[in-house]
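The structure appears right after this line, and notes come after that.
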Amino acid sequence: MSEEARPHRTAAVIPAAGRGVRLGPGAPKALRTLGGTPMLIHAVRAMAASRAVSLVVVVAPPEGAPEVKNLLDEHALPERTDYLVVPGGGTRQESVRLGIEALPDGITTVLVHDAARPLVPVDTVDAVVEAVRDGAPAVVPALPLADTVKQVEPREKGEPEPVVATPERALLRAVQTPQGFDRETLQRAHRSETAVGEGATDCAGMVERLGAPVVVVPGHEEAFKVTRPLDLVLAEAVLARRRANDGF
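Position one of the sequence shown corresponds to residue 21 (the working numbering), numbered consecutively onward.
Okay, structure coming up:
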């Protein structure tokens, strides 16, 4: 079958094996509740909300796959989408690789999405998928920076750090997810990059190191990452506003 005739099928991989230490002790970050529902379920629903996404693969903590599968079974999810839970690895990079390896034949576009970005709007997901289908090997949603950024010479925690440079803010973007990829390109990036320490946290960066082009599409302010307790407060407020406005 020619490239043009091959049907496009999109899957989303959600690595959710991390502990989320910056939110403090307790359940893994992806299982913290938001509006009474685990963040992971919000993230899965956000991916499944796109009609382009036919499969969502959740990469669970290595010993927690049955628990995560039960969690998905307990919550109402769009029926047109298939769901798969696979055990993850010791790093995000390894977990993403395991999620990619679990994809069936026929998937042409892969989204990689942070479980800690539970409120990404469907329009952002669709924009990423469309850009990949239009021929971009890798697509990243991103926002202009609101703050001036300083490059510093790192010091021990708490010590004053000398400023080395002030990058031009207009040339910088704050990256979000889902990041979207041509499947073959993403697989090649993971095959070519050996994990060191914590491994890569940004699949688009791995594609860049291959020499393949990466493009940016507009992100959304509600696709922020829930990392610290204050982020959880903001997320609850966004969710409450959505429910008041449209019954989400």
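We put the CB at the ideal spot given by N, CA and C, even for glycine.
- In the three-state scheme derived from DSSP, where H, G and I count as helix and E and B as strand, S74 is classed as strand.
- Annotated as distal: P187 and E173, with beta-carbon spacing of 9 Å or more.
- No Cβ-Cβ contact shorter than 9 Å links T197 with L230.
- Going by C-alpha positions, P58 is about 12 Å away from A36.
- Per DSSP, the beta bridge partners of T129 are T30, D202.
- Contact between P161 and A255 is ruled out by a C-beta separation of about 18 Å, above the 8 Å threshold.
- Shown here, A80 sits in a strand according to DSSP, grouped into three states.
- The beta carbon of S74 lies closer than 6 Å to those of R29 in the same chain, with the five residues before and after it left out.
- Following the DSSP letters along the chain, one finds D93 inside the alpha helix (DSSP H) bounded by residues 85-94.
- Contact between A32 and V76 holds: their C-beta atoms lie close to 5 Å from each other, under 8 Å.
- Below 8 Å, too few C-beta pairs join the region 147-157 and the region 49-56 to call them touching: fewer than three.
- For T144, the secondary structure class from DSSP, reduced to helix, strand or coil, is helix.
- Secondary structure at R100: coil, using DSSP grouped into helix, strand and coil.
- Following the DSSP letters along the chain, one finds R263 in no beta strand (DSSP E) but inside the alpha helix (DSSP H) bounded by residues 249-266.
- Secondary structure note for V227: its alpha helix (DSSP H) is the uninterrupted segment 223-230.
- G109 is positioned such that its CB atom lies closer than 9 Å to that of P82.
- In its chain, beyond the 5 residues on either side, M226, V227, L230 have a beta carbon closer than 6 Å to the beta carbon of A209.
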